[in-house]
Ligand code: ADP
């Protein structure tokens, strides 16, 4: 049984769990830490495309990529949810190249797209903290503070926003951040 850590911001549950985002987490949309081509890659991107099946790549080919910090939405094909929201996070270059602003923009763009599509339950992966090298502690602060601020700006828009974190170590980092910021 997964360990689940719930927080509350206005009417929205913010949930942290350790696991694989391609499994069923009871959400309408999952967020893929994509690259700007949107044509698949390693890490969570590879896992999402593998489980979704070839239809996802076919649809992604029609999107003509996506700039860093923005987001695009597709169907979910064989994944156990309705939509995939794809967002290319920033590559960590030491912190002085606008990384935090771009990462915050990823989270806001995904939540904007979710609202536009009537999606009330979303699961994020930990954008940029794998191959893109963003230090997880700093990424978690941007992630949690941006989402909490967004939920304050759009109260009542979401029932559940969660992160599915791939290891206990990164779950613990997000928990520490949520404990101090929420
Ligand atoms: P990025 O290129 O944005 O850094 P990665 O996929 O390399 O994206 O890593 C982002 C995060 O996703 C990392 O914390 C990594 O451990 C995690 N991750 C990898 N596979 C999965 C998965 N199946 N479910 C959830 N998280 C995953």
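Numbering (the numbering used here), first residue to last: 34 to 215.
Every residue gets a Cβ at the ideal spot worked out from N, C-alpha and C, and that includes glycine.
The three-state secondary structure of residue 51, taken from DSSP, is strand. Every alpha helix (DSSP H) of 4 residues or more that sits fully in the segment 40-99 is shown, in chain order, as 76-85, 87-94. Here residue 116 is bridged, per DSSP, to 62, 108.
In this structure, residue 86 has its CB at a distance of at least 6 angstroms from all heavy atoms of the ligand ADP.
Going by DSSP, residue 156 is part of the beta strand (DSSP E) stretching over 154-157. Beta bridge pairing from DSSP links residue 197 with 50. The C-alpha of residue 205 lies about 32 angstroms from the C-alpha of residue 149. Taking a contact as a CB-CB distance under 8 angstroms, the pair residue 147 and residue 177 does not count as one, their CB atoms being some 17 angstroms apart. When the Cα atoms are used, residue 198 and residue 151 turn out to be separated by approximately 25 angstroms.
Straight through space, the alpha carbons of residue 111 and residue 94 are spaced by roughly 18 angstroms.
Apart from the 5 residues on each side of it in sequence, residue 74 sits with its Cβ closer than 6 angstroms to the Cβ of 68 in its chain, given in chain order. Looking at the backbone, the Cα of residue 77 and that of residue 158 are separated by about 8 angstroms.
Pairing residue 165 with residue 122 gives a Cβ-Cβ distance under 7 angstroms. Cβ neighbours of residue 84 within its own chain (closer than 7 angstroms, five residues either side excluded): 55, 111, 112. Taking 7 angstroms as the cut-off, the Cβ atoms of residue 45 and residue 194 count as close.
Counting along the chain, the unbroken alpha helix (DSSP H) around residue 140 starts and ends at 132-149.
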